[in-house]
Amino acid sequence: MKAVLELLFSRCERDGILPNPEDCTMYIKCVKGTSQDLKCREGFKFDSLNLCTPDEKADCGRMMIREFREDEQCPEYYGWFKVESDCHKFMVCIAGVPTIKSCPEHYIYNDVNGACVEGDKCPISHQASNSN
10 MKAVLELLFS RCERDGILPN PEDCTMYIKC VKGTSQDLKC REGFKFDSLN LCTPDEKADC
70 GRMMIREFRE DEQCPEYYGW FKVESDCHKF MVCIAGVPTI KSCPEHYIYN DVNGACVEGD
130 KCPISHQASN SN
């Protein structure tokens with residue numbers, strides 16, 4: 010697992026902030042392909058909103074995981090990606106293996122900043138359309 014994490018940390022393909030999959034008090038800052046390990050202050054955990062949140066409010070380790078279908082594949086070997094069929098969910102890819110996670114209640118996944126953001130309504134592109 011350590012080798013996978015080292016590869017993940019060294020492969021910051023886009024700028025942003027990523028959770029540390031092994032430690033809820035840590036996160037990774039990616040800038041121009043370089044990663045930096047950072048720690049939340051005492052009593053805080055990094056959560057699905059990509060924020061250091063007080064322990065009692067943080068959802069780290071409490072996100073729901075569902076089984077993924079065989080036809081769901083990682084668009085890239087590593088990263089966080091939107092699930093086209095449901096804006097409340099996102100796909101985490103580590104070494105090409107997808108895991109589907111859900112944002113906390115009243116949040117939707119925002120692919121632009123790679124985080125769950127406050128909201129209940131999915132953008133139109135995520136909603137089923139009736140064209141008949």
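Everything in the sequence shown is counted per our numbering, starting at 10 for the first residue and increasing by one. Think of the CB as a built atom: it goes at the ideal place given N, C-alpha and C, for glycine as much as any other residue. In this text, all values refer to a predicted model and were calculated from it rather than measured experimentally.
Apply the 10 Å Cβ neighbour rule to residue i and answer buried if 16 or more other Cβ atoms are within range, or exposed otherwise.
{"i": "Arg50", "result": "exposed"}
{"i": "Val92", "result": "buried"}
{"i": "Ala124", "result": "buried"}
Output needed for residue i: all residues of its chain with C-beta closer than 6 Å, excluding positions within five of it in sequence on either side, in chain order.
{"i": "Gly88", "result": "Cys102"}
{"i": "Asp129", "result": "His115"}
{"i": "Phe90", "result": "Pro84, Met100"}
{"i": "Cys61", "result": "Cys49, Phe53, Phe55"}
{"i": "Tyr24", "result": "Here the sequence assigns Asp to residue 24, which means Tyr is not the residue at that position. Contacts found: Cys39, Val40."}
Can you list, in chain order, the residues of its chain whose CB lies under 7 Å from that of residue i, leaving out five sequence neighbours each side?
{"i": "Lys48", "result": "Thr34, Met35"}
{"i": "Glu127", "result": "His115, Tyr116"}
Looking at C-alpha atoms only, which residue of the options is the closest neighbour of residue i?
{"i": "Tyr118", "options": "Pro107, Ser94, Gln45, Val106", "result": "Ser94"}
{"i": "Asp64", "options": "Gly105, Ile26, Asp32", "result": "Asp32"}
Out of curiosity, what's the CA-to-CA distance linking residue i and residue j?
{"i": "Pro132", "j": "Asp120", "result": "12 Å"}
{"i": "Ala104", "j": "Lys66", "result": "30 Å"}
{"i": "Leu27", "j": "Ile37", "result": "5 Å"}
{"i": "Pro107", "j": "Gln45", "result": "24 Å"}
{"i": "Gln82", "j": "Asn29", "result": "22 Å"}
{"i": "Ile109", "j": "Tyr86", "result": "15 Å"}
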